[in-house]
Amino acid sequence: MSKVAVEPECWRRRSLVEAVEAGGGEVVSPDVADALVWAEPARADLLPPMLDANPNIEWVQLPYAGIEPFVEMLRSRPNLKWTCGKGVYAPPVAEHALMLALAGLRGLATYGRAESWSEPEGRNLIGARVTILGGGGITEELLPLLTPFRCQISVVRNKVHPMEGASQVVGPENLHDLLPNTDLLMLALALTPETSGIIAEKEFALLPEHAWVVNVARGGHIVTSDLVDALHARSIGGAALDVTDPEPLPDEHPLWKLENCIITPHIGNTPEMGIPLLAERVTANVQRYGDGLPLLGPVDVTLGY
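Each residue of the sequence shown is one higher than the one before, starting from 1 at the first, in my numbering.
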């Protein structure tokens with residue numbers, strides 16, 4: 001039976017304790033545990049001393065797909081097995097991305113602010129040319145959601161191989177070739193030094209004037225000042241953002257005032273949506289760990305995701 005600690009004490013802990021037990025594990029204190037389920041993403045600072053004090057721990061399960069707060073400690077402890085929430089929250093985030101895309105293309109940013117009857121605006125998602133940055137779990141969930149709309153979908157990812165539902169899969173070096181023929185640009189990739197600021201002034205200039213940008217990944221993928229300029233100039237159709245840089249977005253930030261911008265406060269996956277999904281992953285991984293099977297959501301320490 002796997003001996004698993006669940007730390008620190010927080011509101012998520014009870015669900016994760018039950019998840020460990022459902023996977024056949026025994027919940028124990030960190031000093032006798034083989035594995036650690038980290039329950040509080042906001043307190044990454046507490047994890048290094050926990051690991052230093054308990055060298056018996058061999059495997060750490062992190063709660064979110066994004067591991068930015070944990071990257072340095074991963075690299076300093078390559079002897080440990082690290083897993084994260086990669087793919088866990090993809091279904092609700094993909095659903096949210098589809099909602100933002102439809103809202104943007106169909107003019108909800110304008111109509112939602114209107115105080116009188118206005119002129120028609122909007123474009124179809126049906127038959128649209130869609131470019132998706134990233135080929136991970138969110139994109140895997142998003143592709144079947146887009147299938148009924150008969151889109152022409154290009155996926156840009158590091159590892160180029162066919163994906164069901166995509167018209168083509170290409171490498172990052174082809175991004176600029178795709179942008180002039182993109183009606184909808186969707187960001188669903190990990191934030192790394194290579195992808196930080198991947199959409200900036202040059203990329204906005206390459207997009208058609210009607211194109212919408214949807215970001216459900218990380219705010220740092222977009223250079224915010226360049227986005228504000230593009231929206232002000234209406235050189236793109238608009239942006240629908242579930243993530244921003246900075247985040248939270250300050251009350252007086254110019255993005256709030258732009259009628260061609262839709263903002264949701266990083267709720268593509270809420271805690272209420274996410275905990276049952278994370279619990280399922282923890283149960284599966286505890287069972288796999290006990291059976292000596294490969295764990296789900298392994299972190300590539302070199303790549304940082």
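Beta carbons: idealized from backbone N, C-alpha and C, even for Gly.
Cβ neighbour criterion (16 or more within 10 Å) applied to residue i
i    : result
D242 : buried
A63  : Residue 63 is actually Pro in this sequence, not Ala. Flag for P63 reads buried.
N215 : buried
T302 : exposed
S225 : exposed
M1   : exposed
V27  : buried
I222 : buried
N124 : exposed
D31  : exposed
K86  : buried
I138 : buried
G304 : buried
I126 : exposed
D245 : buried
H96  : buried
A35  : buried
For residue i, three-class secondary structure by DSSP
i    : result
R129 : strand
K257 : helix
T83  : strand
I262 : strand
P172 : helix
I153 : strand
E247 : coil
E9   : coil
V299 : coil
V88  : coil
V286 : helix
V160 : coil
Close beta carbons around residue i, own chain, < 7 Å, minus the five adjacent residues each side
i    : result
P91  : E141
V155 : I132, G135, T139, M163, A166 and V169
C10  : A39 and E40
P8   : A39, E40, R43 and L46
E68  : L191
G290 : M1, S2, G24 and G25
Residues near residue i in its chain [Cβ-Cβ closer than 8 Å; skip 5 each side]
i    : result
G128 : Rather than Gly, the amino acid found at residue 128 in this sequence is Ala. Once the five neighbours on either side are set aside, the close Cβ partners of A128 are L105, F149, C151, Q152, D183 and L184.
V282 : L16, A19, V20, G23, V37 and Q61
E280 : A19 and V88
A284 : G23 and L296
V299 : L62, I67, L74, W82, T83, C84, K86 and Y305
Contacts around residue i, its chain only, beta-carbon distance under 6 Å, and the 5 residues preceding and following it disregarded
i    : result
G237 : H210, A211 and W212
E201 : D226
N260 : A109, L231 and G238
Residue i Cβ short of 7 Å to the ligand FAD heavy atom set
i    : result
L295 : In the structure shown, the ligand FAD is absent, as is every other ligand, since no ligand is present at all.
Handout entry: Three CB pairs or more closer than 8 Å across the stretch 268-283 and the stretch 110-123
Key = Counting Cβ pairs under 8 Å, fewer than three are found: no touch.
Handout entry: Contained beta strand (DSSP E) runs [length at least 3] in the stretch 16-74, N- to C-terminal order
Key = As far as the stretch 16-74 is concerned, its whole beta strand (DSSP E) runs of at least 3 residues are 35-38 and 59-61.
Exercise for the section: Specify whether the stretch 233-249 and the stretch 258-270 touch according to this definition: at least 3 beta carbon pairs, one from each stretch, less than 8 Å apart. Expected result: A contact exists between the stretch 233-249 and the stretch 258-270.
Handout entry: Whole runs of the beta strand (DSSP E) within the stretch 181-240, excluding any shorter than 3 residues
Key = Secondary structure in the stretch 181-240: the beta strand (DSSP E) runs of 3 residues or longer, each lying completely within the stretch, are 184-187 and 212-215 in chain order.
Handout entry: Inside the stretch 97-124 only - alpha helix (DSSP H) runs reaching at least 4 residues
Key = Within the stretch 97-124, the complete alpha helix (DSSP H) segments at least 4 residues long are 108-111, listed from N- to C-terminus.
Exercise for the section: Give a yes or no on contact between the stretch 246-254 and the stretch 158-177, applying the rule of three or more CB pairs nearer than 8 Å. Expected result: In the pairwise beta carbon analysis, the stretch 246-254 is classified as not touching the stretch 158-177: fewer than three pairs are separated by under 8 Å.
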